[in-house]
Amino acid sequence: FLVTQIMGYLTGGPQRYTGRPMEEAHKHLAITGEQWSAFMADARQVFQAFNLDSATQQELGGILSTYQSACVLAPGEQAPSDPGLLRPKGTASTLYQRLGGVYPIAQFVDRLVESVLKGDRVRIEHDRLDDPAGKRHPPGLKYMMTELVCNCVGGPEVVTSKGFDEAKLGVQPHEWPTFLELASEAAELWPIPHLRNSIVGALGAVKAEICVGVFDEETSPEARARRMVQEAGFDHYLASAALEKSAGDPARALELLAMGWQPEDQEAMSVPGSSASLSSSNAAWGPDAPRCPFSRASGSSAALPPGHPPIVGRPPTAAPAPNDEQAVAARA
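Going by our numbering, the sequence shown opens with residue 4, and the numbers climb by one from there.
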């Protein structure tokens, strides 16, 4: 997801990069110059497989080459320690934070879309991965759906395709109940029932961005009850948990929450395989953290791509002119 997001960002798309700065995400991997060259060779093969024209190939090669100094260890440079999984920080005030951030959500979406693509329970229109003329390839559908789900549960991801049927997953309205069954199965990666119920319930709020031909918000009794509790100031997770506790009665749910009721498992870490509290994570996403892959928390940073806006807090520097070796690599 983040690789697609960053390439959209760097090629001028509307995507907003939400991952770590490049050095923080890659330096600990101790990538060598030889490995980088192999990566660039693979990239050129992909460009050719998609029949990109030479000018586009050169431009994309130039964009990727700006990553090299941020990803590859320089001679004598020591690899830093592994920063660990990027997790949202704070006191888990949003469903996005409670779910563990983009990585588990992307895993959920991957499972969900794969189940849909089987076509045995829900059917959508999509193109084969090897069809160069296609516009609805599975990886693209997964990206758009991950973007949508992250955003609807309170994440920093920007939805870049609202209102366009051709960019939706494309579920038929009459298959929505079955789609939610698939979502419930995909959500089993979270061990906490309230979290599973919350993310499945959150999909109802974006039904119009998942189903074709749907433009109104969900009006089911469950959705109305959840909105009533949320409009009183409680987040999606607490609203869902309280409604479950009160058998769907919004008045009783509000009474419980007003008295200070909390689900017993609210402090449990949501990321599968972990029992740590969300608030204990050191490597964390913050709402005001840098959203650019070329930002760094310390030291100098990699050269910015041509046309990149200045980064706040860093003196503007001109990108160095490519040397002959870089120019040859970009043209290859």
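Where a beta carbon is used, it is the ideal one built from N, C-alpha and C, also for glycine.
_Please list the terminal residues of the continuous alpha helix (DSSP H) segment that includes residue 136._
No alpha helix (DSSP H) holds residue 136; DSSP gives it neither H nor E.
*Nearest to residue 125 (by Cα), restricted to the options 185, 82 and 204*: Out of 185, 82 and 204, 185 has the C-alpha closest to the C-alpha of residue 125.
_C-alpha distance - residue 253 paired with residue 19, whole-angstrom precision_ = 36 angstroms
*residue 229 versus residue 187: straight-line alpha-carbon distance, rounded*: 18 angstroms
*Can you tell me where the alpha helix (DSSP H) with residue 50 in it begins and where it stops?*
36–52
*Rounded C-alpha distance that separates residue 323 from residue 68*: Model confidence at residue 323 stands at a pLDDT of 43, short of 50, so the residue's coordinates are unreliable; what they give is reported in the following sentence. Cα to Cα, residue 323 sits roughly 12 angstroms from residue 68.
*Let me know if residue 21 comes out buried or exposed under the rule of 16 or more other beta-carbons within 10 Å of its beta-carbon.*
Buried is the call here.
_Pair within 8 angstroms by beta-carbon distance, residue 75 and residue 9_ = no
*With a cut-off of 8 angstroms on the beta carbons, I'd call residue 66 and residue 115 a contact; round off their distance for me.*
About 31 angstroms separates the beta carbon of residue 66 from that of residue 115, a gap too long to meet the 8 angstroms contact definition.
*Contacting residues, own chain, Cβ-Cβ under 8 angstroms from residue 191 (five flanking each side not counted)*: Excluding five sequence positions before and after residue 191, the CB atoms of its chain that fall closer than 8 angstroms to its own CB belong to 199, given in chain order.
_Supposed contact pair residue 146 and residue 4 - C-beta distance, whole angstroms, cut 8 angstroms_ = 6 angstroms
_Using CA atoms only, rank isn't needed, just tell me which of 258, 61, 257 and 193 is closest to residue 106._
193
*To the nearest angstrom, how far is it from the Cα of residue 162 to the Cα of residue 7?*
14 angstroms
*List the DSSP bridge partners of residue 155.*
Note: residue 155 sits in no beta bridge, so no partner.
_Under DSSP, the alpha helix (DSSP H) around residue 191 begins and ends at which residues?_
No alpha helix (DSSP H) contains residue 191, which DSSP labels as neither H nor E.
*Hey, is residue 265's beta-carbon within less than 8 angstroms of any beta-carbon in chain B?*
The displayed structure is made up of one protein chain only, and chain B is not part of it.
_Less than 8 angstroms between the beta carbons of residue 235 and residue 245, yes or no?_
no
*Tell me, please, which residues DSSP counts as bridged to residue 214.*
Beta-bridge annotation (DSSP): residue 214 is paired with 174.
*Could you pull the start and end residues of the alpha helix (DSSP H) that residue 253 belongs to?*
For residue 253, the enclosing alpha helix (DSSP H) has its first and last residue at 253–261.
*Within 10 angstroms of the Cβ of residue 273, are there 16 or more other Cβ atoms? Answer buried if so, exposed if not.*
Note that residue 273 scores a pLDDT of 42, beneath 50, so its modelled location is shaky; the value from the coordinates is reported in the next line. Buried is the label assigned to residue 273, since at least 16 other Cβ atoms lie within 10 Å of its Cβ.
*Straight-line Cα distance separating residue 262 from residue 249*: 14 angstroms
_Inter-residue spacing [alpha-carbon to alpha-carbon] between residue 32 and residue 251_ = 49 angstroms
*Taking 8 angstroms as the cut-off, decide whether the C-beta atoms of residue 108 and residue 171 are in contact.*
Not closer than 8 angstroms, so no.
_Outcome for residue 78 when other beta-carbon atoms lying within 10 angstroms are tallied against a minimum of 16_ = Residue 78 counts as exposed, since fewer than 16 other beta carbons sit within 10 angstroms of its beta carbon.
*Look at the alpha carbon of residue 54 and the alpha carbon of residue 132, and state the distance between them as a whole number of angstroms.*
Roughly 14 angstroms separates the two Cα atoms.
*Considering only residues of the same chain and omitting the five flanking positions on each side of residue 139, which have a CB-CB separation below 8 angstroms?*
These residues qualify, in order along the chain: 128, 129, 130, 169 and 173.
*Please state whether DSSP places residue 6 in a helix, a strand or coil.*
helix
*Flag this pair as yes or no: are the beta carbons of residue 197 and residue 164 separated by less than 8 angstroms?*
No, they are not a contact pair.
_Within the continuous alpha helix (DSSP H) that includes residue 57, where are the two ends?_
57–68
*Taking Cβ positions, are residue 183 and residue 215 nearer each other than 8 angstroms?*
no
*Provide the residue(s) that pair with residue 75 in DSSP beta bridges, ordered along the chain.*
Beta-bridge pairing links residue 75 to 34.
*Since I believe residue 156 is in contact with residue 97 (beta carbons under 8 angstroms), could you give me their beta-carbon distance rounded to a whole number of angstroms?*
7 angstroms
*With burial defined as no fewer than 16 other Cβ atoms inside 10 Å of the residue's Cβ, what is the status of residue 104: buried or exposed?*
buried
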